[in-house]
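Q:
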Amino acid sequence: MARQDRLDDDSSDRLKLYDRSGLDAVNYICTYLPHLSHRMLGEAAVKHLIDEYSSSSASVSFIVMDPQAEFIEHDNVRLPPQLPELQKYTENLRQLLEQRGIPRVDLPERDLDIRVQRVSELLLNRDGNRKELDD
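Written out as structure tokens, the structure is:
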């Protein structure tokens, strides 16, 4: 999370696009080690991260894509995920973002071309009207 904090502190106006964020680590703990979630959410670094993402001046939107069975592959590094496990993680992420007032855009589409098109629209319109993507 310290690396994420340093990246987010970059005050330049350039676009930042991350595949993962510090909140992924928080969500993993909340999902898979729920007995530690209260302590994790009380940590100063986590509170700071959440405050940054939920502040009204933040230009951060989380793009949450639904997991798809056909995209699950065993990479011989991690334990192979199961679809219900990924769905639980994704739902917990949505709840975490909503509870903390962090903006998000949901992309439930299965078609990869449509996902790419919608993310491209979001990036192109990031300073404009987001309603089109939220429909």
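If you count the sequence shown from 1, you need to add 1220 to reach my numbering.
Idealized CB from N, CA, C, for every residue including glycine.
Quick one: Cα of PRO1304 to Cα of THR1310, how far?
A: Within the sequence shown, numbered from 1, the residue matching residue 1304 stands at position 84. Within the sequence shown, numbered from 1, the residue matching residue 1310 stands at position 90. PRO1304 and THR1310: Cα-Cα distance of roughly 10 angstroms.
Q: Around the Cβ of LEU1256, are there at least 16 other Cβ atoms within 10 angstroms (buried) or fewer (exposed)?
A: Here residue 1256 is taken as the residue at index 36 of the sequence shown, counted from 1. Exposed, because fewer than 16 other Cβ atoms sit within 10 Å of the Cβ of LEU1256.
Q: From the DSSP output, in three-state form, read off ILE1283 for me.
A: Taking the first residue of the sequence shown as 1, we reach residue 1283 at position 63. It is a strand residue.
Q: Would you say the stretch 1259-1267 touches the stretch 1280-1295, given that touching needs at least three Cβ pairs under 8 angstroms?
A: The stretch 1259-1267, when compared against the stretch 1280-1295, does not touch it at the 8 angstroms Cβ threshold.
Q: First and last residue of the beta strand (DSSP E) that includes VAL1325?
A: Within the sequence shown, the letter at position 105 stands for residue 1325. Run containing VAL1325: 1324-1327, per the beta strand (DSSP E) assignment.
Q: Any idea if LEU1313 is buried or exposed, counting beta-carbon neighbours within 10 angstroms, 16 or more meaning buried?
A: Sequence index remark: in the sequence shown, residue 1313 carries index 93 (1-based). So LEU1313 ends up on the buried side.
Q: Reducing DSSP to helix, strand and coil, say where VAL1246 ends up.
A: The residue given as residue 1246 occupies position 26 in the sequence shown. Reduced to three states, the DSSP call for VAL1246 is helix.
Q: Just reading off the alpha helix (DSSP H) that PRO1304 is part of, what are its end residues?
A: For the purposes of this step, residue 1304 is taken as residue 84 along the sequence shown, with counting starting at 1. That run of the alpha helix (DSSP H) goes 1303-1319.
Q: Taking all protein chains shown into account, decide if GLY1242 is buried (16 or more other Cβ within 10 angstroms of its Cβ) or exposed.
A: Counting from one through the sequence shown, the residue named residue 1242 turns up at place 22. Burial call: buried.
Q: On a CA-only basis, which of PRO1287, LEU1316, PRO1254 is nearest ARG1335? Give me that one, please.
A: Indexing the sequence shown from 1 puts residue 1335 at position 115. The option with the nearest alpha carbon to ARG1335 is PRO1287.
Q: Measure from the alpha carbon of LYS1267 to the alpha carbon of each residue in LEU1327, ASN1296, ARG1320, then state which is nearest.
A: Residue numbering aside, residue 1267 sits at position 47 when the sequence shown is read from its first letter. The option with the nearest alpha carbon to LYS1267 is ARG1320.
Q: In terms of alpha-carbon separation, which member of SER1275, ASN1247, LEU1343, GLU1329 lies closest to ILE1291?
A: Numbered from its first residue, the sequence shown carries residue 1291 at position 71. The amino acid at residue 1291 is misidentified as Ile; the sequence shows Phe. PHE1291 has its Cα closest to that of GLU1329, out of SER1275, ASN1247, LEU1343, GLU1329.
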